[in-house]
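Listed in order, the protein sequences are those of chains A and B. For this note's numbering, count along the first sequence from 1 and bump the result up by 41. For this note's numbering, count along the second sequence from 1 and bump the result up by 1.
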Amino acid sequence: MRGAKRQQQVMGRALVALVTVVMSVVVVEAAAVLDVYRMIQYDLGGVPMGSRRAALSHHATSGFAVPGADLSRAVVILPALKVNISSLNEFVQNKGLLGGLLLLLPQRSNGSGGDGDDSDENVAKALAELEQWLVHNTFQYPVYFAYESDNVQNILQEITANDAAGRPATATTGGYKLVVSVSDAKKLPSPTLTNIQGWLPGLRPAGDTSMLPTIAIVASYDTFGAAPALAAGSDSNGSGVAMLLELARLFSRLYANPNTRGPFNLLFGLTSGGPYNYNGTYNWLRNFDQRLKESMVYALCLNSLGSSSDRMWMHVSKPPENAFIRKIFSEIENVAQDLDLTVEPRHKKINISNSRVAWEHEQFSRQRITAVTLSQLEEAPELLQRSGGIADRRKTVNETVVMRNIKVVAESLARHIYGQEGKQVEVFAKGSNLALSPAYVRSWLDLLGRTPRVAPFLGKNAPIITALHKELAQHTKDASLQHETLDSAYVFYDLTKAQLNVYQVASVTFDFIVALAVGSYLILLFIVLFISTKGVDDFIGVFRKPPSRKYKST
Amino acid sequence: MTFFHFFNCAALTFGPHAIYYKATPLSEYDTFNTCIKAAIVYLTTTFLKLVCLATFVQVSEHDTGFDLPQELLKGLIGFLDVAGLYYALTQVSHRSISQTHKFQAVALGWAFADAVLHRLAPLWVGAKGLEFTWEYLLQGVEANAHLVFTVSLAALGSLMWLRKNKPSALVPVIYASAAVVASMPSVVSYLRKGLAWDFEKVVSFELSASIVMAFVSWRLFSACQRPSQ
């Protein structure tokens, strides 16, 4: 008898345990699931910047001034183009608490610049402004980006309508709830900067053992933006990289034949760490051996040469009156004039004590190597500005402009190398086998325009690095990689992409009402069944204390 | 909060079975074993039905159409339910309990097994999520309707197979009502697929139909009771 009872107890306990284990399994069903991209989280010299949280589980509201909404436990959904940056800035400066922020980016279309180029420009400008503000502020709550879609639009419309009607979504009233279930972001240990270089040796006259002079052509390929998973930087600096690769291709053809090999070595460098004061370039130059440094005649840095414009600037740190700078400038100007391009010199002195490096050529100048930066940007960008973020999309890059710029650089380089200054010579003529290849440039612009390239998140073996390395290896003799650690003043945190679940949640009051209804239904059922089968007297008898017990005790 | 919803729906789905047991004299007469046996018979019947469905019924490409031959076949296989009930009522040996209590106990065990098998898993997986739908509450109401259907079917079944002396006039009525109740699942699936009714409409139809059939079978049962008294 006892054994049977104990067995029953054990079985009972095992059942409870099993039920608890099974109960912890949850399958998720949501009204909508979106891909969202987290805002960057980084420390700049120890100061925490960007969005410091990743996990999200709050109700959604449509704005900051919704009456009755508790902002500290709500996620505000804003279309990115309708953000009023000044009022948002005020909110942040007043240390306003927010459950989270979801910014909606305009739908990306794959066609390039067909409809409304003007509105595209405004969009780019607005996004750039927003990005700049975001990147230089700290947010103690999660900030995510998502692309607008029909689904999202409908949900946002519903939320706005509910908010306007005075029924904001909270725990007590129900509504839409946004959930991103991830753990907090961790620091990225020792982020790596990878520089890729390619070497095209020139023709040494027989018997000459001295090192040939070298010309360097450099472009930084990495980007920085408000959302690392979206920072594809088509103009800054996808255009520069595409130009460099096309130049490498053209000159490798010229140099392939010893008869046409020039008396200059060509060093192609794709550097990383551009947004961080050209940290990668600095490391790259530091590792040059002395002979190479001495042989370097000048360096040509390419930056942001893809936007529709008829002007180009040649940024220098040596005064433009310098004879050599004047020579380089006149070569470029001569070619540019024929192509309706205006080139202007721009001088910016280097302040050695200031660690800010605004242009790549400044790193060369600090090593006493003459260098210039060709760019369609007139002003030197501030730190982390114009570094190829969300606003810098493939649409903003004009292929025709890029091809024209390549022609200018290539022809002026060729004139310098082959000593044809001032002469009307066209080396890379259309129709010849040295013609520029728009298809080649386009395919690289397309690839770069859809590959986010924020250096700390790339790692050593990212596909884009391997692809660039392979490409340079095809065009040059020695293509090599160099890995360096990023300056420790910059610390980055991981977690760049996540999935957002949008649930339609019922309020707590509703659950209570249902519980009440079900409870009363069950009680009613009990009473009805009891009375109908056992009779009313028995029912009343349940409530009366049994009288017989008193008598028994005495 | 979502566990709350789950408990609400579970209470609505399974509560009535427990209450039926407790409130009626079933608990006094210790008919629990009968319920268990009925549940086991239900499980075997469902398994057999599954095998038949898998063998004979084709899976159509478009779910929403109502394919009459296939549905007739499914209805026929549904009649296995009746056979199962017959087996539970007549062949399984019960301790001596009166007719009235026997069919109720069998029906209770049957309906409870059905509710658990068909509704517990979806309830578990779905009602616990954050997303809210009316579906699980409606499923609970449907479970209630199904309990009533089963009780009426068991009552009619016991009338058909266990009672020897029935007033001859009522015999065709008994068989007719039994046929109606047994074909309920096919009717419901026709409503849902063929006429594409909303779940709420279907459930309200089931509820009203179950009450009507319960009333009919109650009248029949009490009518048959009189001669034996």
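Just so you know, even glycine gets a beta-carbon here, dropped at the ideal spot from N, CA and C. Small disclaimer: the values here were computed from a predicted structure and weren't measured.
- Interface with chain B (9 Å Cβ-Cβ cutoff): A:I568 is included.
- Apart from the 5 residues on each side of it in sequence, A:Y217 sits with its Cβ closer than 8 Å to the Cβ of A72, H100, A101, I196, E199, I200, A210, V543, Y544, Q545 and V546 in its chain, given in chain order.
- A:F469 has no beta-bridge partner at all, per DSSP.
- With a threshold of 9 Å between beta carbons, A:D191 makes no contact with chain B.
- Cα atoms of B:G110 and B:T35: separation of roughly 7 Å, rounded to the nearest angstrom.
- Residue environment analysis places A:G86 among the exposed positions, since fewer than 16 neighbouring C-beta atoms fall within 10 angstroms of its C-beta.
- Interface criterion met: the Cβ of A:V549 is under 9 Å from a Cβ in chain B.
- Per DSSP, reduced to three states, the secondary structure at A:H177 is coil, with no helix or strand assignment.
- Burial state of A:E335 is exposed, judged by a 10 Å Cβ sphere holding fewer than 16 other Cβ atoms.
- In terms of Cβ geometry, B:S190 and B:V217 do not form a close pair [threshold 9 Å].
- Beta-bridge partners assigned by DSSP to A:P120: A:L145.
- Just measuring C-alpha positions, the residue of A:A480, A:T312 and A:S128 sitting nearest A:T441 is A:A480.
- B:A108 is the residue among B:R220, B:A108 and B:W198 whose C-alpha sits nearest the C-alpha of B:T32.
- Minimum Cα-Cα distance from B:F48 among the listed residues B:A146, B:A210 and B:G85 corresponds to B:G85.
- The beta carbon of A:Q545 sits closer than 9 Å to some beta carbon of chain B.
- For A:V77, the enclosing beta strand (DSSP E) begins and ends at A73 to R79.
- Residue range L97 to T102 is occupied by the beta strand (DSSP E) that includes A:S98.
- Between A:E385 and A:R456, the CB-CB gap reaches or exceeds 9 Å.
- Contact annotation: A:L308 and A:I366 have beta-carbon atoms that are not nearer than 9 Å.
- A:T102 is outside the set of residues whose beta carbon lies under 9 Å from a beta carbon in chain B.
- Here A:V107 is not near A:D225, since their CB atoms are 9 Å or more apart.
- Contact between A:L168 and A:A432 is confirmed by a C-beta separation of about 4 Å, below the 8 Å threshold.
- Here A:H388 is bridged, per DSSP, to A:V357.
- A:A115 places its beta carbon less than 9 Å from that of A:L139.
- Any Cβ of chain B closer than 9 Å to the Cβ of A:T264 would place that residue at the interface, and such an atom is absent.
- Contacts between A:D111 and chain B, judged by CB atoms closer than 9 Å, are missing: the closest CB pair is about 17 Å apart.
- In the DSSP assignment, A:I258 falls within the unbroken beta strand (DSSP E) covering T255 to S261.
- A:L341 and A:K136 have their C-alpha atoms some 46 Å from each other.
- With a cutoff of 9 Å on beta-carbon distance, B:Y21 and B:D115 are scored as not near each other.
- Only those residues of the region 143-168 of chain B whose C-beta falls short of 8 Å from the nearest C-beta of chain A would be listed, and there are none.
- Here A:N192 has A73 as same chain residues with Cβ atoms under 6 Å from its own Cβ, once five neighbours each way along the sequence are excluded.
- Secondary structure at A:R491: coil, using DSSP grouped into helix, strand and coil.
- Residues of the region 217-232 of chain A that bring their beta carbon within less than 9 Å of a beta carbon in chain B comprise K218 and V220, in sequence order.
- Judged by their CB atoms, A:P254 and A:N306 are nearer to each other than the 9 Å cut-off.
- DSSP places A:E525 outside any alpha helix (DSSP H); the residue lies instead in the beta strand (DSSP E), whose first and last residues are D519 to T526.
- With a threshold of 16 other beta carbon atoms within 10 Å, A:W400 meets it and is buried.
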